[in-house]
Amino acid sequence: MVTKELSEAAVEFNCILSNASPEIIKKIPKSFINFMKDIASTTYKFDYDKSKKLNEQTLKLETRGLISLVYSDYICNDKEKEEYINKCQNYLKIKEQEAREKYNPDKLFKNSKLKTKKLENITATEETAIVEYKEKSFIQKIFNKIRKLFKKS
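Numbering (the working numbering), first residue to last: -4 to 148.
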């Protein structure tokens, strides 16, 4: 089953392909092009801006994936394909390293320990004074009730 996102990406891909050079179109199999035309959405519209480069277009993530798949499988030669795969692998390694550094459990626990130490220092420096609460004597309570009666009248 074809998802809505994929059918919309097919529309964008077909529009990009219609603006591509004939040399590039010849490298892509007709069966793949026909498949993309078959699954393309009939309701989704995409405006290709010819004044912008391909990487400047506002494309869906799925469309970018389709373009990279077609480029690596059909358009580039063996040498370019190897370079492209190496670039992709290096990019993934960098992203994984960033994620490891960001979500490293050792660093996460170190930060929480530092925060608890700071909180302990703050609470140790703050002094809380005990407020003395004096309960009214029996005579003061009676006197206040009599005063309330006269104020109401």
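From the three backbone atoms N, C-alpha and C, an ideal C-beta is built for every residue, glycine too. Since the structure is predicted, the reported quantities are computational estimates derived from the model, not experimental observations.
Query, Result
"Limits of the unbroken alpha helix (DSSP H) element including Thr58", "56 to 65"
"Residue from Ile62, Ser13, Ile134, Phe138 whose Cα sits closest to the Cα of Asp42", "Ser13"
"For Gln84, three-class secondary structure by DSSP", "helix"
"Coil, strand or helix - Cys10 by DSSP", "helix"
"Thr53 and Ala4 closer than 8 Å at C-beta", "no"
"Rounded distance between the beta-carbons of Phe8 and Leu61, thought under 8 Å", "5 Å"
"Contact under 8 Å by Cβ, Ile23 with Val(-3)", "no"
"The alpha helix (DSSP H) enclosing Ile28, as first and last residue numbers", "25 to 34"
"Span separating the alpha-carbon of Leu87 from that of Ile125", "59 Å"
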